[in-house]
Amino acid sequence: MVKKKEEDKKLTLRQKIMKEVHHYWDGTKLLAAEVKISSKLALKMAAGYELTRREHRQLHRTVQDLGRLVPFSVFVIVPFAELLLPVALKLFPNMLPSTYEGQKSKEAKASSLRGTRKEVSSFLRQTLQETGLPVSAANAQKEEFTEFFRKIRTTGEAPTKADVIRVCKIFKDDLTLDNLSRPQLVGICRYMSLTTFGTDTMLRYQVRHRMRQIKRDDRAISFEGVEALSVPELQTACASRGLRTHGVSPARLRDDLTLWLELRLKYGVPSTLLVLSNAFMYTQGKDVEFDSQIDALQAVLSSIPEELFHEIELEVHTAEGAATNRQRLEVLREQQELIEDENEQSEKQSEGGQSARVNDLENIDEKEDEGRQEDVLRREHEAELQAQANTSTSATGAQQSSETKAEDKKA
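In the UniProt record's numbering, the protein residues as written are 1 to 411.
Structure, rendered in structure tokens:
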């Protein structure tokens with residue numbers, strides 16, 4: 001590192017200019033090669049052939065670079081506009097196409113993201129009690145729900161893995177995002193490297209869009225296999241899901257990504273809760289096993305505020321026809337306050353001359369195969385009980401055998 005700095009200091013002004021010219025010339029050649037490859041991929045897709053995950057990402061990256069090339073080309077065409085390029089890149093760091101981005105810029109962005117995630121992780125862990133996690137009553141069972149929260153709130157008893165997963169599935173992505181407070185929305189946007197400007201509706205739209213992308217990518221990776229990913233692809237996939245990548249071995253990254261896919265696809269845990277649990281664990285510098293992920297999910301669930309717990313309880317009772325008018329009135333008041341806050345934000349935005357609105361009506365919750373996921377949990381629970389029974393049977397058999405031998409010796 002010191003040698004590199006010394007070499008940079010020794011470069012003359014002309015050498016530095018030539019170095020930058022070569023860098024952008026190589027970036028232009030790389031962009032031309034990517035356009036050529038992506039054109040074939042576009043024709044392949046137009047012909048009805050399905051693209052692999054790697055091909056789809058290549059095409060998507062090239063389209064993004066071409067979109068960024070339009071404002072970037074203005075600095076090349078307009079005389080002396082290139083002098084303002086450093087200022088523009090400072091204000092809009094994502095304006096530069098990926099083929100022109102240098103190694104130092106990539107490292108600076110990665111370092112900045114790590115710092116942001118550490119800061120947001122601590123913030124989310126301190127303010128999770130403000131997080132809204134509403135329930136999807138169609139999947140709720142009153143006994144399971146109340147028993148789970150009785151354990152973690154009153155008795156301090158540790159719920160089983162199956163209990164945590166069942167309750168996690170109650171908190172669907174869309175309803176969770178609709179009830180997040182603004183500080184929590186801003187925190188998630190920063191953690192997922194999204195812009196934090198705009199109203200709550202715009203922030204929710206961004207998060208929903210990113211979650212839909214991650215869900216599609218989950219299925220593609222699961223179909224092709226985690227082993228098919230190269231190390232850079234593995235690091236990118238883990239980073240996009242909020243997993244720690246700096247200083248982590250490729251084997252560990254594969255384990256973390258496999259765990260994410262298992263919880264997301266096999267058990268149907270909502271991706272919003274998984275991102276929150278990853279943020280909860282991000283500041284930990286220790287190896288995290290499956291039980292620790294479950295512990296993080298349990299910590300997210302146990303930090304639900306009292307008023308939110310009332311809303312969830314109402315949803316469960318409504319699903320079973322046991323809700324009272326008083327419960328409905330309390331929840332109605334809470335939801336009305338949220339609606340009034342959103343209307344105030346929209347009015348302030350209109351007064352400021354910003355009338356842009358987003359159509360945030362598309363749901364990201366897909367219809368999960370609940371029966372299959374319940375069968376998986378039931379089979380795992382039965383296997384645990386069978387293992388315990390076998391252990392006790394073998395212990396009893398060994399005890400009876402020792403007693404028989406003792407009686408034979410006496411005889």
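Every residue gets a Cβ at the ideal spot worked out from N, C-alpha and C, and that includes glycine.
Open item on the list: Let me check understanding here. Comparing Cα to Cα, which of E224, M95, Q184 lies closest to E55?
Closed with: Start at 1 with the first residue of the sequence shown, and residue 55 comes out as number 55. Nearest option by C-alpha distance: E224.
Task: the region 194-207 touching the region 23-30, judged by at least three CB pairs closer than 8 Å - done: no
Open item on the list: On the DSSP letters alone, give me the boundaries of the alpha helix (DSSP H) that L259 sits inside.
Closed with: In the sequence shown, counting from the first residue as 1, residue 259 sits at position 259. Element bounds for L259: 250-261.
Open item on the list: Measuring alpha carbon to alpha carbon, tell me which residue in M281, P183, L297 is nearest F171.
Closed with: Locating residue 171 in the sequence shown gives position 171, counting from the first residue. Looking at the Cα atoms, L297 is the closest of the given residues.
Open item on the list: For the alpha helix (DSSP H) containing P86, name the first residue and the last one.
Closed with: As a first step, residue 86 is located in the sequence shown; it is residue number 86 there, counting from the start. First-last of the alpha helix (DSSP H) with P86: 85-91.
Open item on the list: Can you give me the C-alpha to C-alpha distance between K161 and K215, rounded to a whole angstrom?
Closed with: Translated into positions along the sequence shown, residue 161 becomes position 161. Translated into positions along the sequence shown, residue 215 becomes position 215. C-alpha separation (whole angstroms): 23 Å.
- [ ] Indicate whether R333 and G242 have their beta-carbon atoms separated by less than 9 Å.
- [x] Here residue 333 is taken as the residue at index 333 of the sequence shown, counted from 1. Here residue 242 is taken as the residue at index 242 of the sequence shown, counted from 1. In this structure, G242 does not lie closer than 9 Å to R333 by Cβ.
Task: First and last residue of the uninterrupted alpha helix (DSSP H) at K266 - done: Along the sequence shown, one-based indexing puts residue 266 at 266. Counting along the chain, K266 falls outside any alpha helix (DSSP H), and DSSP gives it neither H nor E.
Task: Validate contact between the region 105-114 and the region 70-79 using beta carbons, cut 8 Å, 3 pairs - done: no
Task: CA nearest to the CA of Q103, picked from R219, E20, R14, T176 - done: Sequence index remark: in the sequence shown, residue 103 carries index 103 (1-based). For the residues R219, E20, R14, T176, the minimum Cα distance to Q103 belongs to E20.
Task: Cα-Cα separation, Y267 to L257 - done: Residue 267 sits at position 267 when you count from the first residue of the sequence shown. Residue 257 sits at position 257 when you count from the first residue of the sequence shown. Those two C-alpha atoms are separated by around 15 Å.
Task: Euclidean distance between Cα positions of M95 and K10 - done: In the sequence shown, residue 95 corresponds to position 95, counting from 1. In the sequence shown, residue 10 corresponds to position 10, counting from 1. Near 30 Å, if we compare the C-alpha coordinates of K10 and M95.
TODO: Could you give the DSSP three-state label for G115: helix, strand or coil?
DONE: The residue you call residue 115 lines up with position 115 of the sequence shown. In this structure, G115 counts as helix in the three-state DSSP scheme.
Task: Helix, strand or coil at N179 according to DSSP, with G and I counted as helix - done: Residue numbering aside, residue 179 sits at position 179 when the sequence shown is read from its first letter. Note: N179 maps to coil in three-state DSSP.
Open item on the list: Determine whether the beta carbon atoms of W260 and L274 lie at a separation below 9 Å.
Closed with: Working through the sequence shown from its first residue, we reach residue 260 at position 260. Working through the sequence shown from its first residue, we reach residue 274 at position 274. Against a cut-off of 9 Å, the Cβ pair of L274 and W260 comes out as a contact.
Task: Outcome for P97 when other beta-carbon atoms lying within 10 angstroms are tallied against a minimum of 16 - done: Counting from 1 along the sequence shown, the entry for residue 97 is found at position 97. With 16 or more other Cβ atoms within 10 Å, it is buried.
Open item on the list: Does T62 pass the burial test, meaning 16 or more other C-beta atoms within 10 Å, or should it be called exposed?
Closed with: For the purposes of this step, residue 62 is taken as the residue at position 62 of the sequence shown. Label assigned to T62: buried.
Task: Local conformation of S240 per DSSP, three classes - done: Residue 240 sits at position 240 when you count from the first residue of the sequence shown. Of the three classes helix, strand and coil, the one that applies to S240 here is helix, per DSSP.
- [ ] Kindly indicate which residue of M192, R150, V164 has the alpha-carbon position closest to the one of G115.
- [x] The sequence position of residue 115 within the sequence shown is 115, counting from 1. Here the closest residue by C-alpha is M192.
TODO: Take the Cβ of V76 as the centre, count every other Cβ of all protein chains shown within 10 Å, and call the residue buried at 16 or more, exposed below.
DONE: Here residue 76 refers to the residue found at position 76 of the sequence shown. Result: exposed.
- [ ] With DSSP collapsed to three states, give me the class of G187.
- [x] Counting from 1 along the sequence shown, the entry for residue 187 is found at position 187. Three-state DSSP puts G187 in a helix.
Open item on the list: Between the alpha carbons of T28 and S38, how many angstroms are there, rounded?
Closed with: Translated into the one-based positions of the sequence shown, residue 28 becomes position 28. Translated into the one-based positions of the sequence shown, residue 38 becomes position 38. Those two C-alpha atoms are separated by around 15 Å.
Open item on the list: When you compare the region 178-187 with the region 230-240, are there three or more beta-carbon pairs, one atom per stretch, that lie closer than 8 Å?
Closed with: no
Open item on the list: Tell me the DSSP secondary structure of Y282 in three-state form.
Closed with: As a working mapping, residue 282 is identified with position 282 in the sequence shown. Coil, per DSSP.
Task: Whole-angstrom distance between A33 and T52, CA atom to CA atom - done: Locating residue 52 in the sequence shown gives position 52, where the first residue counts as 1. Locating residue 33 in the sequence shown gives position 33, where the first residue counts as 1. Roughly 19 Å between the two C-alpha positions.
Task: Among L59, L13, Q206, R244, nearest to residue 413 - alpha-carbon criterion - done: Because residue 413 is not part of the residues shown, which for the chain are 1 to 411, the question remains open.
Open item on the list: Given this structure, state the Cα-to-Cα distance separating A158 from R166, to the nearest angstrom.
Closed with: Here residue 158 is taken as the residue at index 158 of the sequence shown, counted from 1. Here residue 166 is taken as the residue at index 166 of the sequence shown, counted from 1. Distance between the alpha carbons of A158 and R166 is about 14 Å.
Task: Sequence-distant residues of the same chain with beta carbon closer than 7 Å to A299, five excluded per side - done: In the sequence shown, residue 299 corresponds to position 299, counting from 1. Excluding sequence neighbours, A299 sits near F280.
Open item on the list: For a test of the three-state rule: what should DSSP assign to G67, helix, strand or coil?
Closed with: Along the sequence shown, one-based indexing puts residue 67 at 67. DSSP places G67 in helix when its eight states are reduced to three.
Open item on the list: Helix, strand or coil, according to DSSP, for Y49 in the structure here?
Closed with: Working through the sequence shown from its first residue, we reach residue 49 at position 49. DSSP places Y49 in coil when its eight states are reduced to three.
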